[in-house]
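J.: In the UniProt record's numbering, the protein residues as written are 1 to 289. All C-beta atoms in this analysis are idealised placements derived from N, C-alpha and C, irrespective of residue type, glycine included.
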């Protein structure tokens with residue numbers, strides 16, 4: 001959302017006019033890509049006492065406008081705090097996102113005056129309606145390298161096979177190979193997986209197998225991350241690179257707490273919800289027939 005330079009019926013604090021003499025309004029932005037999302041933190045800096053008093057008294061607030069021109073995605077954040085955070089799904093954005101910051105009135109403001117007005121406005125006061133821009137802050141664009149690859153589609157590091165395992169477990173994970181992670185399914189489970197995985201249940205079948213296996217894989221990677229016989233395996237290097245490219249590392253993961261499960265869910269972009277949505281869509285389709 002780009003603000004064009006134009007005349008206003010009242011002074012606006014910005015960096016392209018001289019309505020205010022010494023005051024300024026800026027925002028520091030830190031953003032990072034995390035698997036299937038982009039998260040960020042914004043910190044506001046504003047040194048005009050009259051506008052600050054409006055914010056503290058509920059007469060104004062900080063507003064962040066996030067827009068992706070390529071997908072027409074828009075998000076508005078409103079806060080009276082000097083810091084705020086955001087999180088965007090990668091599926092909603094592409095190419096670039098534009099982030100603009102403002103201070104906006106939240107109610108009608110009567111007889112507003114600032115001691116930092118330009119001398120032309122020195123003796124004047126202004127009535128400013130609700131939902132009007134009082135200050136225009138930092139505007140920035142962030143390039144987004146969209147990567148729709150899920151872990152299961154990476155080149156040949158995971159193989160799902162039928163096994164002759166006689167144990168009661170329907171699934172087991174073998175990480176002894178240098179090249180592949182081998183997920184073994186019992187014959188009965190594999191037959192169901194192979195049959196339903198080719199139909200409308202593709203995502204549900206895939207995630208129900210892969211996510212379970214990845215919890216085991218990441219746990220073993222954490223335990224053996226300093227073992228050269230383990231951390232030099234091809235599949236280990238591929239997964240570790242994925243973690244680091246998405247601002248995650250094995251040092252951040254603790255096999256003893258929820259961080260292991262949380263990272264697995266981040267890798268696949270909330271697989272539980274995705275599976276439920278797929279099942280819900282199929283159920284609605286069957287009920288409508």
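Only counting the same chain, and skipping five residues up and downstream in sequence, which positions put a Cβ closer than 6 Å to that of residue 113?
T.: Same-chain partners within the cutoff: 125.
J.: Which residue from 282, 137, 246 puts its Cα closest to that of residue 267?
T.: Nearest of 282, 137, 246 to residue 267, Cα basis: 246.
J.: Tell me, please, whether the segment 270 to 278 touches the segment 204 to 214 by the rule of three or more beta-carbon pairs shorter than 8 Å.
T.: Yes: at least three Cβ pairs fall under 8 Å.
J.: When you compare each of 45, 89, 100 to residue 81 by their alpha carbons, which one comes out closest?
T.: Nearest option by C-alpha distance: 45.
J.: Could you give the residue range of the beta strand (DSSP E) that holds residue 181?
T.: Its beta strand (DSSP E) spans residues 181 to 186.
J.: Between the beta-carbon of residue 25 and the beta-carbon of residue 48, is there less than 9 Å?
T.: Result yes, Cβ atoms of residue 25 and residue 48 sit closer than 9 Å.
J.: Please check the pair residue 236 and residue 221, which I expect to be a contact at CB under 8 Å, by giving their CB distance rounded to whole angstroms.
T.: The Cβ separation is near 6 Å, so the contact holds.
J.: Quick check: the Cα distance between residue 157 and residue 29, rounded to an integer number of angstroms?
T.: Whole-angstrom Cα-Cα distance: 36 Å.
J.: Short of 7 Å in beta carbon distance, which residues of its chain neighbour residue 218, apart from the five on each side in sequence? Order them along the chain.
T.: Cβ within range, chain order: 253, 260, 263, 264.
J.: Can you tell me whether residue 16 is buried or exposed? The criterion is at least 16 other CB atoms within 10 Å of its CB, across all chains shown.
T.: Residue 16 comes out exposed.
J.: Verify whether the separation of the beta carbon atoms of residue 233 and residue 164 is less than 9 Å.
T.: No, they are not a contact pair.
J.: Identify every run of the alpha helix (DSSP H) within the segment 35 to 116, keeping only runs that are complete inside it and at least 4 residues long; order them along the chain.
T.: Listed in chain order, the complete alpha helix (DSSP H) runs (minimum 4 residues) inside the segment 35 to 116 are 49 to 56.
J.: Between residue 96 and the rest of its own chain, which residues show a CB-CB distance below 8 Å, the 5 nearest in sequence each way excluded?
T.: If we look at residue 96 and ignore the five residues flanking it on each side, its Cβ neighbours are 68, 69, 70, 141, 142, 143, 144.
J.: I'd like the list of long-range same chain contacts for residue 76, defined as Cβ closer than 8 Å, with 5 residues on each side in sequence excluded.
T.: Around residue 76: 63, 64, 65, 66.
J.: Assign residue 276 to one of two classes, buried (16 or more other C-beta atoms within 10 Å of its C-beta) or exposed (fewer than that).
T.: With fewer than 16 other Cβ atoms within 10 Å, it is exposed.
J.: To which residues does DSSP link residue 137 through a beta bridge?
T.: Per DSSP, none; premise fails for residue 137.
J.: One question on the structure: do residue 89 and residue 111 come within less than 9 Å of each other, judged by their Cβ atoms?
T.: Taking 9 Å as the Cβ cut-off, residue 89 and residue 111 do not qualify as a contacting pair.
J.: Using the three-state DSSP reduction, which class does residue 283 fall into: helix, strand or coil?
T.: Residue 283 falls in the helix class under three-state DSSP.
J.: Quick check: what's the CA-CA separation for residue 199 versus residue 181?
T.: Between residue 199 and residue 181, the C-alpha separation is close to 24 Å.
J.: Using the three-state DSSP reduction, which class does residue 225 fall into: helix, strand or coil?
T.: Note: residue 225 maps to coil in three-state DSSP.
J.: What's the gap between the Cα of residue 184 and the Cα of residue 279?
T.: In a straight line, the C-alpha of residue 184 is about 24 Å away from that of residue 279.
J.: Can you tell me where the alpha helix (DSSP H) holding residue 238 begins and where it ends?
T.: That run of the alpha helix (DSSP H) goes 234 to 245.
J.: Between which two residues does the beta strand (DSSP E) carrying residue 7 extend?
T.: Careful: residue 7 lies outside any beta strand (DSSP E) and carries neither H nor E.
J.: Would you mind giving the Cβ-Cβ distance between residue 78 and residue 61, rounded to the nearest angstrom? I have them listed as a contact below 8 Å.
T.: Confirmed, Cβ separation roughly 5 Å.
J.: Is it buried or exposed for residue 148, if we count other Cβ within 10 angstroms and need 16 for buried?
T.: Note that residue 148 has pLDDT 46, beneath the 50 cutoff, so the model's placement of it is unreliable and the number below is only indicative. Under this definition residue 148 is an exposed residue.
J.: So residue 86 and residue 19 are supposed to be a Cβ contact under 8 Å. How far apart are they, rounded?
T.: Going by Cβ atoms, the distance from residue 86 to residue 19 rounds to 29 Å, so no, they are not a contact pair.
J.: In or out: residue 186 buried (at least 16 other Cβ within 10 Å) or exposed?
T.: Classification of residue 186: buried, given that the 10 Å Cβ count is 16 or more.
J.: Who are the near neighbours of residue 243 in its chain, counting only those whose CB is closer than 8 Å to its CB and skipping five residues on each side?
T.: Here the set comprises 249, 250, 263.
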